[in-house]
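A.B. asks:
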Amino acid sequence: MALARGPRDLICSARECEEKATHALVWSNPAIHTGRHKTWLSCPEHVSFLHDYLAYRKFPVETLALHEFLAREAHSTTE
Ligand SMILES: [Zn+2]
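For the sequence shown, the working numbering gives the first residue as 49, with consecutive numbering after it.
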């Protein structure tokens, strides 16, 4: 799965989707991300798709509303 965009664009991370993101999925791969997290953004249509993609791989994933994610980012000093 190619993910060309970063979270800063606030566009859905699903491949070839151009929709505005409304949700953020904060996830990690326990095998390679020790204490670090990756973020995918999602439009309403792709939230369950992206969540299932990660859940299928047994990656821990947390789904947040975009405004919650941005508020959290603003208070975070990591990344
Ligand atoms: Zn989408």
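All C-beta atoms in this analysis are idealised placements derived from N, C-alpha and C, irrespective of residue type, glycine included.
Cβ of A113 versus every heavy atom of ligand 1: is any distance shorter than 7 Å?
C.D. replies: Along the sequence shown, one-based indexing puts residue 113 at 65. Checking every heavy atom of ligand 1 against the Cβ of A113, none is found closer than 7 Å.
A.B. asks: Please list, in chain order, all residues of the same chain as R84 whose beta carbon is under 7 Å from its beta carbon, the five residues on each side excluded.
C.D. replies: Locating residue 84 in the sequence shown gives position 36, counting from the first residue. Here the set comprises S76.
A.B. asks: Which parts of the region 70–123 are runs of the beta strand (DSSP E), unbroken and 3 residues or longer, counting only runs that do not cross its ends?
C.D. replies: Counting only runs of 3 or more, we get 71–75, 86–90, 109–113.
A.B. asks: Mind listing, in chain order, the residues whose beta carbon lies closer than 7 Å to a non-hydrogen atom of ligand 1?
C.D. replies: Those residues are C60, A62, C65, E67, S90, C91, E93, H94, given in chain order.
A.B. asks: For E66, collect the residues of the same chain with a Cβ closer than 7 Å to its Cβ; drop the 5 residues on either side in sequence, then sort them by chain order.
C.D. replies: Looking up residue 66 in the sequence shown gives position 18. Closer than 7 Å at the Cβ level, and outside the excluded window around E66, lie I59.
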